[in-house]
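Colleague: Have a look at this one.
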Amino acid sequence: RKEVEQDPGPFNVPEGATVAFNCTYSNSASQSFFWYRQDCRKEPKLLMSVYSSGNEDGRFTAQLNRASQYISLLIRDSKLSDSATYLCVAGGSQGNLIFGKGTKLSVKP
Amino acid sequence: NAGVMQNPRHLVRRRGQEARLRCSPMKGHSHVYWYRQLPEEGLKFMVYLQKENIIDESGMPKERFSAEFPKEGPSILRIQQVVRGDSAAYFCASSPQGLGNQPQHFGDGTRLSIL
Numbered sequence: 036r037k038e039v040e041q042d043p044g045p046f047n048v049p050e051g052a053t054v055a056f057n058c059t060y061s062n063s064a065s066q067s068f069f070w071y072r073q074d075c076r077k078e079p080k081l082l083m084s085v086y087s088s089g090n091e092d093g094r095f096t097a098q099l100n101r102a103s104q105y106i107s108l109l110i111r112d113s114k115l116s117d118s119a120t121y122l123c124v125a126g127g128s129q130g131n132l133i134f135g136k137g138t139k140l141s142v143k144p
Numbered sequence: 012n013a014g015v016m017q018n019p020r021h022l023v024r025r026r027g028q029e030a031r032l033r034c035s036p037m038k039g040h041s042h043v044y045w046y047r048q049l050p051e052e053g054l055k056f057m058v059y060l061q062k063e064n065i066i067d068e069s070g071m072p073k074e075r076f077s078a079e080f081p082k083e084g085p086s087i088l089r090i091q092q093v094v095r096g097d098s099a100a101y102f103c104a105s106s107p108q109g110l111g112n113q114p115q116h117f118g119d120g121t122r123l124s125i126l
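Protein chains in written order, with the numbering used here: chain A, 36 to 144; chain B, 12 to 126.
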């Protein structure tokens, strides 16, 4: 079983749509979780950290369910500029990060 | 306000040559991580270093790969006797502390191509 699993997509949505990505992780000892975005094989950029209480940053909302070992990202009112690959990430035991393969989002006009 | 600096951006080597990839962490960061991304794959952790110490190298191939982070200067990822399968994007990240609950900041990466 992969350590962090995501649906690879692609998700093709129109501008203004709401889209949700899900991710599961296998290591119950993981303590930290993040969503990164990666554009066209460029460097990953931190989108947001994910907390058990859930957190929101503008149009983006992240949720963590420790019991189900499940992380989600919701994007509201999607923009063309949101087109990217979204990487679900869990913190490893030694301080490294464990990345999912990513979910590709394409927002169309 | 320099971020994580990696060089070169692109590196071309012939099979059997050596590749050296450099990474300078963000100012104030003393923890460095190297990741590799193969075509159409996710990022895979390779090695975690602190100044003059390798903390975790569980993701490093057993042969031909080595990494260092000297007291002075950038972190170096070295690949000896490169093979076609080493072609990938190599990303370096840094954090102020080596705690798993801190996000890491990435450099632009080095795209290594093996002819």
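Glycine included, every Cβ here is placed at the ideal spot set by N, Cα and C. Here the structure is a predicted model, which means the values were calculated and not measured.
Is it the case that the segment 65-73 of chain A contacts the segment 101-120 of chain A, given that we only count it when at least three CB pairs across the two stretches are under 8 angstroms?
Modeller: yes
Colleague: With a cut-off of 8 angstroms, does the C-beta of B/G84 fall near any C-beta of chain A?
Modeller: The count along the second sequence starts at 1 and reaches residue 84 of chain B at position 73. So no, B/G84 is outside the interface.
Colleague: Can you check whether the CB of B/R122 is closer than 8 angstroms to the CB of B/S100?
Modeller: By one-based count along the second sequence, residue 100 of chain B stands at place 89. By one-based count along the second sequence, residue 122 of chain B stands at place 111. The question names Ser, yet the displayed sequence has Ala at residue 100 of chain B. Result yes, Cβ atoms of B/A100 and B/R122 sit closer than 8 angstroms.
Colleague: Please list the segments of the beta strand (DSSP E) lying wholly inside the segment 78-115 of chain A, counting only runs of 3 or more residues, in order along the chain.
Modeller: 80-85, 90-92, 95-100, 105-110
Colleague: To the nearest whole angstrom, what separates the beta carbons of B/Q61 and B/S77, a pair I think is in contact under 8 angstroms?
Modeller: The residue labelled residue 61 of chain B in the question sits at position 50 within the second sequence. The residue labelled residue 77 of chain B in the question sits at position 66 within the second sequence. Their Cβ separation, rounded to whole angstroms, is 16 angstroms, which puts B/Q61 and B/S77 out of contact at 8 angstroms.
Colleague: Taking 8 angstroms as the cut-off, decide whether the C-beta atoms of B/M57 and B/M37 are in contact.
Modeller: Taking the second sequence and counting its residues from 1, one reaches residue 57 of chain B at position 46. Taking the second sequence and counting its residues from 1, one reaches residue 37 of chain B at position 26. For B/M57 and B/M37, no; Cβs fall outside 8 angstroms.
Colleague: Determine the DSSP secondary structure at B/G27, reduced to helix, strand or coil.
Modeller: Residue numbering aside, residue 27 of chain B sits at position 16 when the second sequence is read from its first letter. Residue state, collapsed to three classes: coil.
Colleague: Out of A/Q66, A/D92, A/P49, point me to the one whose CA is closest to A/G130's CA.
Modeller: Within the first sequence, numbered from 1, the residue matching residue 130 of chain A stands at position 95. Measuring from the Cα of A/G130, the nearest candidate turns out to be A/Q66.
Colleague: Go ahead and pull the three-state DSSP assignment for B/R33.
Modeller: For the purposes of this step, residue 33 of chain B is taken as the residue at position 22 of the second sequence. Reduced to three states, the DSSP call for B/R33 is strand.
Colleague: Going by the beta-carbon positions, is the gap between A/A125 and A/V39 smaller than 8 angstroms?
Modeller: The residue you call residue 125 of chain A lines up with position 90 of the first sequence. The residue you call residue 39 of chain A lines up with position 4 of the first sequence. Cβ atoms of A/A125 and A/V39: closer than 8 angstroms.
Colleague: Excluding five sequence neighbours on each side, which residues of the same chain lie with their C-beta closer than 7 angstroms to the C-beta of B/Q28?
Modeller: Walking along the second sequence from the start, residue 28 of chain B turns up at place 17. Excluding positions up to five away in sequence, the list reads V93.
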